[in-house]
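Sequence order for the protein chains is U and Y. No gaps in the numbering here: position 210 of the first sequence is 210 in our numbering, and each next residue is one more. Here our numbering = 1-based position in the second sequence + 1000. Scroll down for the structure; my scribbles are underneath it.
There are 2 protein chains.
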Amino acid sequence: MHVLITGAAGMVGRKLTARLVADGRLGERPVERLTLADVVLPPRPEGYAGVVDVVAADLAEPGVVERLIEARPDVVFHLAAVVSGQAEADLDLGYRVNLDGTRALLDAIRTAHVEDGYHPRVVFTSSIAVYGAPLPNPIGEDLHQAPLTSYGTQKAIGELLLADWTRRGFLDGVGIRLPTICIRPGAPNQAASSFFSSILREPLAGREAVLPVPETVRHWHASPRSAVAFLVRAATLDTALVGPRRTLSMPGLSATVGEQIEALRRVAGERAVHLIRREPDPVIMGIVQTWAEALDASRAERLGFVAETSFDEIIRVHVEDELGGVLP
Amino acid sequence: MHVLITGAAGMVGRKLTARLVADGRLGERPVERLTLADVVLPPRPEGYAGVVDVVAADLAEPGVVERLIEARPDVVFHLAAVVSGQAEADLDLGYRVNLDGTRALLDAIRTAHVEDGYHPRVVFTSSIAVYGAPLPNPIGEDLHQAPLTSYGTQKAIGELLLADWTRRGFLDGVGIRLPTICIRPGAPNQAASSFFSSILREPLAGREAVLPVPETVRHWHASPRSAVAFLVRAATLDTALVGPRRTLSMPGLSATVGEQIEALRRVAGERAVHLIRREPDPVIMGIVQTWAEALDASRAERLGFVAETSFDEIIRVHVEDELGGVLP
Ligand SMILES: NC(=O)c1ccc[n+]([C@@H]2O[C@H](COP(=O)([O-])OP(=O)(O)OC[C@H]3O[C@@H](n4cnc5c(N)ncnc54)[C@H](O)[C@@H]3O)[C@@H](O)[C@H]2O)c1
Ligand SMILES: NC(=O)c1ccc[n+]([C@@H]2O[C@H](COP(=O)([O-])OP(=O)(O)OC[C@H]3O[C@@H](n4cnc5c(N)ncnc54)[C@H](O)[C@@H]3O)[C@@H](O)[C@H]2O)c1
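This is the structure:
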């Protein structure tokens, strides 16, 4: 089968590519061809026997998505996005990529469907940012989308379009509302949620990290490995079981910052914990306190989506996948 | 003040125009200027002392909305829309008008805001079609938007954009989810809900009407007069009381078809009721049974929105406003 990944140069896109290359298959079917697209040239995966096209192009530019689906990929993972902080800072860019880019992709698939019956599985990564405070805890899947950011607005619109295109029979869409991905590897990014990862990742690497919020802050997490497992599950599940509500809240771990730090202490000792510097930031606190603390993900759980159940496990995933299995 | 109405040639648009002309004011302020825009040339109101511009133009055409807001109307009633049946039958048209047209209007206002601080009240007419079965009864205002039509999808997206533009400070938006407007005057239209009006309107005029569903079907109604009162209230209320959730479910009357017919009997007698011919239509039934039966509109009620409380009243409004106060 042929798999297209948009946003393939991103954090989740690279990990998904690595998983598909390692497995050589998606569900029961061998992956013979990969199209990896991103506005930044995605790295060419090593050790992959199939055909790979790497494409550096902006999804929102005319003609780009048409070209990407020309060879009719069986599965489309639509990960390309301008993330929360940047979509808030640059309104036009966020709407251009997250709304217009998504719509262009869906429209191109519709045109192809009308031409030759093309009907791919499309997996769309949405976010808990579609919800807005005041929030119940846990958030039920029938809670209204009342986002308080432009990013959340754009993701909510993406979910609505995906459902309408699926209902119309142009494609077979599954949206997944990812928890905050923790521990996010690499450098801190523009997301206000960045510290949830850096307070673990940096001390695990012997570096200082800044904690801008109190330890009582509770949030909803899953590891990058789980995120990739969610994507694979979304691409392979029997969508007859999903029904018309095509976006699923993904399972996660609801934990406080204090619980994250306790897990760090257990896994890496007191020395690591001492590298966390408390620097309260009212702006970040203001943003974070409007976020989800936990979601009811029982629908997804019944469909076979699984996440970590402790922060020790999330830290161990990071040590295995990013640090070669050893603490420095 | 200067008031712009898009969709001014439509049923609600014409009634709103008539009300503004009759009142001569909107809230406390005199209405000195009206801009009436529609893809169909809106009728020029009679007996209005102020300035009127009637504009026949397609909102989704480049440049049209910019021209409409050039004189910086203080209040924009955005009613222009392709309604449910047509948006379902013509996917491109629905998205073009209901999504692209709405977005063009919001974008033009944003550009004007950036230029000179323009910050109009924008009243957007949404619909209970943003909700999708299975539905609780009543529907709480925090129920997720899970539309089962393209029209509902487009209205849900309009609500999201309105909220984001309001949050960003470009405009002062209020969305109102109108109940089905009953009794809709004039000829039956393309909406699947058309029969809710025609089973009363046609017999009241001595004509036959077709009832395609059982009498047990329950739905959510308000008169055209109430719809106009909602619009006026939305244009004049203190939005500081609304908060970030800018769309309000409007009050209405939850009634079965049987209750509608009982009211018709009380107001117009057995002869009128005999003009209703039962012709079950499984397609219409299939659509209608996924619709809302009642909404919790307590937020709007607290903000001063009021609807009818009996179908006798709804019929009397029709007799007064459409039949000159007398039964034929
Ligand atoms: N990481 C999280 O915590 C999280 C949580 C919820 C949802 N998500 C969503 O999951 C997806 C992947 O997230 P991630 O963490 O890998 O983000 P990321 O920022 O690492 O990757 C997104 C990629 O999209 C690419 N991109 C941006 N604009 C583009 C354009 N116009 N055309 C083509 N590519 C473009 C970027 O270059 C980047 O490589 C995104 O859709 C994101 O919104 C992530
Ligand atoms: N009537 C109802 O029961 C009901 C219920 C819920 C919501 N609404 C909404 O209320 C609003 C008014 O409803 P209505 O019953 O008067 O509908 P209507 O169909 O009578 O009026 C809509 C008007 O929009 C105009 N229009 C369509 N495309 C246009 C375009 N591209 N540019 C400019 N104008 C265009 C049409 O010509 C029409 O005059 C609509 O937004 C509708 O979706 C109505």
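Built from N, CA and C at the ideal position, the CB exists for glycine as well. Fair warning: this is a prediction, and the values are worked out from it, not measured in the lab.
- Counting other Cβ atoms within 10 Å of its Cβ, residue 1127/Y reaches 16 or more and is therefore classed as buried.
- Under the DSSP assignment, residue 1216/Y falls outside any alpha helix (DSSP H); it carries neither an H nor an E label.
- In summary, residue 60/U is buried, with 16 or more beta-carbon neighbours lying within 10 Å of its beta-carbon over all protein chains present.
- Beta-bridge analysis with DSSP links residue 1030/Y to 1025/Y.
- Listed in chain order, the non-local C-beta contacts of residue 50/U below 7 Å within the same chain comprise 31, 32, 33, 34, local neighbours out to five positions each way being set aside.
- Relative to the Cα of residue 90/U, the nearest Cα in the group 154/U, 308/U, 213/U, 199/U belongs to 154/U.
- Restricting attention to beta strand (DSSP E) runs no shorter than 3 residues, the stretch 1156-1244 of chain Y encloses them at 1172-1178, 1209-1211, 1218-1222, ordered along the chain.
- Between the alpha carbons of residue 141/U and residue 298/U lies a gap of roughly 9 Å.
- In the structure shown, the three-state DSSP call for residue 1309/Y is coil.
- For residue 78/U, the enclosing beta strand (DSSP E) starts and ends at 75-78.
- Per the Cβ contact rule, the stretch 1273-1283 of chain Y is not in contact with the stretch 1158-1166 of chain Y (fewer than 3 Cβ pairs under 8 Å).
- Residue 314/U sits in a helix when the DSSP states are folded into three classes.
- Residue environment analysis places residue 318/U among the buried positions, since at least 16 neighbouring C-beta atoms fall within 10 angstroms of its C-beta.
- Within the same chain, and ignoring the five residues on either side of residue 262/U in sequence, the residues whose Cβ sits closer than 8 Å to its Cβ are 311.
- Taking 9 Å as the cut-off, the Cβ atoms of residue 1074/Y and residue 1136/Y do not count as close.
- Contact residues of the stretch 77-91 of chain U toward chain Y are 91 (C-beta to C-beta distance below 8 Å).
- Between residue 23/U and residue 187/U, the alpha-carbon positions lie close to 27 Å from each other.
- Looking only at 1101/Y, 1251/Y, 1243/Y, 1221/Y, the smallest Cα-Cα distance to residue 1065/Y is reached by 1101/Y.
- In the structure shown, the three-state DSSP call for residue 111/U is helix.
- Taking 9 Å as the cut-off, the beta carbon of residue 82/U is found no closer than this to the beta carbon of residue 57/U.
- Of all residues in the stretch 1153-1170 of chain Y, those with a C-beta nearer than 8 Å to a C-beta of chain U are 1153, 1156, 1157, 1160, 1161, 1163, 1164, 1167, 1168, reading in chain order.
- The beta-carbon of residue 150/U is placed less than 9 Å from the nearest beta-carbon of chain Y.
- Each residue's CA atom was taken as its position, placing residue 72/U and residue 13/U some 19 Å apart.
- A residue is called buried once 16 or more other Cβ atoms fall within 10 Å of its Cβ, and residue 1241/Y, having fewer, is exposed.
- Between ligand 2 and the CB of residue 1152/Y, the shortest heavy atom gap is not smaller than 8 Å.
- A Cβ-Cβ separation of about 6 Å places residue 1077/Y in contact with residue 1231/Y under the 8 Å criterion.
- Residue burial is scored here from C-beta neighbours: residue 1251/Y has at least 16 other C-beta atoms within 10 angstroms and is therefore classed as buried.
- Relative to ligand 2, the nearest heavy atom lies less than 8 Å away from the CB of residue 1155/Y.
- At a cut-off of 9 Å between beta carbons, residue 1143/Y contacts chain U.
- In the displayed model, residue 123/U falls within a strand according to three-state DSSP.
- Restricted to the stretch 238-302 of chain U, the beta strand (DSSP E) segments that are unbroken, complete and at least 3 residues in length are 247-249, 253-256, 276-278, listed in chain order.
- Shown here, residue 35/U sits in a strand according to DSSP, grouped into three states.
- For residue 1138/Y, no CB of chain U lies under 9 Å from its own CB, so it is not counted at the interface with that chain.
- Runs of the beta strand (DSSP E) lying entirely within the stretch 1054-1101 of chain Y and spanning at least 3 residues, in chain order: 1075-1078.
- At a Cβ-Cβ threshold of 9 Å, residue 1179/Y and residue 1322/Y do not count as neighbours.
- The C-beta of residue 101/U comes no closer than 9 Å to any C-beta of chain Y.
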